[in-house]
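Report on the structure given below.
Residue numbers (our numbering): 2 to 60.
This is how it looks when you write it as C-alpha cells:
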C-alpha cells in the first residue's frame, strides 16, 4: 500500500514518470525526482492499512 500526503501526490507522480529520464542524465527529470524527495515519508502500522484503504474508497 502506497500513501502520499495530499500535497505530495502531484510531485510524486511527476517523479515516477521522470525516473528513467533522470537515470539517463536528464537534468529537468532529475529536478522532478529531487522535488518529490523533499516530502516527508508517511509511516503507518500494519493494523492501520485497512482504515487507510477504507478511507480512500469512501472519498
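For each residue, glycine too, the CB sits at the ideal point set by N, CA and C.
Beta-carbon proximity of residue i to residue j, cut-off 8 angstroms
i, j, result
"residue 46", "residue 34", "no"
"residue 2", "residue 53", "yes"
DSSP-derived helix/strand/coil call for residue i
i, result
"residue 19", "helix"
Expected contact under 8 angstroms - CB spacing of residue i and residue j to nearest Å
i, j, result
"residue 32", "residue 12", "Not really, about 11 angstroms apart at Cβ, beyond 8 angstroms."
Residue i classed as buried or exposed, judged by whether at least 16 other C-beta atoms fall within 10 angstroms
i, result
"residue 56", "exposed"
"residue 19", "buried"
"residue 21", "exposed"
"residue 30", "buried"
The alpha helix (DSSP H) enclosing residue i, as first and last residue numbers
i, result
"residue 9", "Where residue 9 is concerned, there is no enclosing alpha helix (DSSP H), given that its DSSP letter is neither H nor E."
"residue 41", "Here residue 41 belongs to no alpha helix (DSSP H), and DSSP marks it neither H nor E."
"residue 46", "That residue, residue 46, is in no alpha helix (DSSP H); it is neither H nor E in DSSP."
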